[in-house]
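Student:
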Amino acid sequence: MFGIPGKQAVTLTPKAAAQVSKLMHSAGHAGLRIGIKKGGCAGMEYTMEYVTNADPNDEVVEQDGARVLIAPMAQMFLFGTEIDYETSLLESGFKFRNPNVTEACGCGESIKFG
């Protein structure tokens, strides 16, 4: 992992931890895996998927009953990210506050790293 000893790779706000925990327990999943893939207008996109078993190379972050697994190829891009869960009148979803992003598209779903 590209981390600092004693510091989690990503942090979850209380709302994000509650939502991840709710999703895990409602369907019996072991956690939520976060990754990065090529795509979108800025070049990269976040991915999220339920997992029943952790990959031995995943970085595991556990916080307030929530378990987030970071795919190996995404670890260096996600270090220092805060994950939030926001609800508005029109939409709700996870929001990534990633200090490694140098550019994002207007819709906020596509990112670029410097």
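Here this note's numbering is used: the first residue of the sequence shown is -19, the next is one more, and so on. For every residue, glycine included, the Cβ atom is placed at its ideal position computed from N, Cα and C.
Where do the ends of the alpha helix (DSSP H) carrying K(-5) lie?
Tutor: One-based indexing of the sequence shown puts residue -5 at position 15. Its alpha helix (DSSP H) spans residues -6 to 7.
Student: Could you tell me which residues DSSP puts in a beta bridge with M24?
Tutor: Here residue 24 refers to the residue found at position 44 of the sequence shown. In DSSP, M24 forms a bridge with K18, I91.
Student: I want to know whether the stretch -14 to -7 touches the stretch 57 to 71 - three or more CB-CB distances under 8 Å.
Tutor: Yes, the stretch -14 to -7 touches the stretch 57 to 71.
Student: Can you give the Cα-Cα distance for D44 and V31, rounded to whole angstroms?
Tutor: The residue you call residue 44 lines up with position 64 of the sequence shown. The residue you call residue 31 lines up with position 51 of the sequence shown. Each residue's Cα considered, the two are about 18 Å apart.
Student: Report, in whole angstroms, the separation of the C-beta atoms of I106 and M4, which I expect to be a contact under 8 Å.
Tutor: This structure cannot settle anything about residue 106, because the visible part of the chain is limited to -19 through 94.
Student: Are the Cβ atoms of A34 and S1 separated by less than 8 Å?
Tutor: Along the sequence shown, read from residue 1 onward, the residue named residue 34 stands at position 54. Along the sequence shown, read from residue 1 onward, the residue named residue 1 stands at position 21. In this structure, S1 does not lie closer than 8 Å to A34 by Cβ.
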